[in-house]
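Throughout the sequence shown, residue numbering follows the numbering used here, covering 1498 to 1659 in sequence.
Think of the CB as a built atom: it goes at the ideal place given N, C-alpha and C, for glycine as much as any other residue.
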Amino acid sequence: MRPNVGRREIHLRLNGGDRRVEVDDQTLLIELVRSLGLVGTKLSCDTQVCGACTMLLDSRPVSSCTTLAIEADGKPVETIEGLADGAKLHPLQEAFIERFAFQCGYCTPGMIVSAKALLEAHPQPDVAKVRHWMEGNICRCTGYQTIVDAVLDAADKMRSAR
């Protein structure tokens, strides 16, 4: 526990489940989520630059490395672990695998979560829209084209499934 910091109970709506958890006022969202055993979201830059820590808070992408856990009180939070439906992967996860849109995989959870927010807001994005939405996510391993292709493929799959 950090010195001189208050503690409070928050209602965490995490990946469709409900929990009440006690947190320090200064606990970061990524710290809380990882302490609950959900370690798919990665911490890299710790400064809101790389996008590896992206989660959805109230359906909007946020950098969980700079978002306080108390900001999530009563709001839905979605992490990479919340995308799959049991053993069935989300179309974005499938497309990233099919397009080989990752190498080391460290940035991939943040990329996929950002792409989910994009496709919820814009179900028929063009290449420019995908590139714009994904520019907050840095990957040092791949070129970005396979990532863009994967997002566009997932958009097509999701539209045809409706």
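Exercise. Quick one: what does DSSP say Arg1656 is sitting in, helix, strand or coil?
Worked result: In the three-state DSSP reduction, Arg1656 falls in the helix class (H, G or I).
Exercise. Bridge partners of Leu1525, per DSSP?
Worked result: Within the DSSP bridge table, the entry for Leu1525 names Leu1565 as partners.
Exercise. Are the region 1567–1574 and the region 1619–1639 touching, with three or more C-beta to C-beta distances below 8 Å?
Worked result: As far as the Cβ criterion goes, the region 1567–1574 does not touch the region 1619–1639, which means the pair count is below three.
Exercise. How many Å lie between Gly1527 and Arg1505 at the Cα?
Worked result: Strictly speaking, residue 1527 in this sequence is Ile, with Gly absent from that position. Going from the Cα of Ile1527 to the Cα of Arg1505 covers about 17 Å.
Problem set entry | Span separating the alpha-carbon of Gln1590 from that of Ala1652 | In this structure, the CA atom of Gln1590 is about 12 Å from the CA atom of Ala1652.
Exercise. Is the Cβ-Cβ distance between Thr1576 and Met1608 less than 8 Å?
Worked result: No. Outside cutoff.
Exercise. For Arg1505, does the three-state DSSP call read helix, strand or coil?
Worked result: Here Arg1505 sits in strand by DSSP.
For this session: Would you mind stating whether Cys1638 and Ile1644 have Cβ atoms separated by less than 8 Å?
Result: Against a cut-off of 8 Å, the Cβ pair of Ile1644 and Cys1638 comes out as no contact.
Exercise. Relative to the C-alpha of Ala1549, which residue among Val1518, Arg1656, Ala1658 and Met1631 is closest?
Worked result: Ranking Val1518, Arg1656, Ala1658 and Met1631 by Cα distance to Ala1549 puts Met1631 first.
Problem set entry | Buried versus exposed, by CB contacts within 10 Å (16 or more), Phe1597 | With fewer than 16 Cβ atoms within 10 Å of its Cβ, Phe1597 is classed as exposed.
Problem set entry | Neighbour-count burial assignment, Ile1507, 16 or more Cβ in a 10 Å radius | Residue environment: Ile1507 is assigned as buried (16 or more neighbouring CB atoms within 10 Å of its CB, all protein chains considered).
Exercise. Which residues bound the alpha helix (DSSP H) around Arg1628?
Worked result: Bounds of the alpha helix (DSSP H) holding Arg1628 are Val1624 to Met1631.
Exercise. By a C-beta neighbour count over all protein chains shown, 10 Å radius and 16 as the cutoff for buried, is Lys1539 buried or exposed?
Worked result: A buried status is given to Lys1539, since no fewer than 16 other beta-carbon atoms sit within 10 Å of its beta-carbon.
Exercise. If you draw a straight line from the alpha carbon of Ile1654 to that of Pro1588, how long is it in whole angstroms?
Worked result: According to the sequence as given, residue 1654 is Lys; it is not Ile. If you draw a straight line from the Cα of Lys1654 to the Cα of Pro1588, it is about 7 Å long.
Exercise. Under 8 Å, do Asn1512 and Glu1578 count as touching if we go by C-beta distance?
Worked result: In contact: Asn1512 and Glu1578 (Cβ atoms closer than 8 Å).
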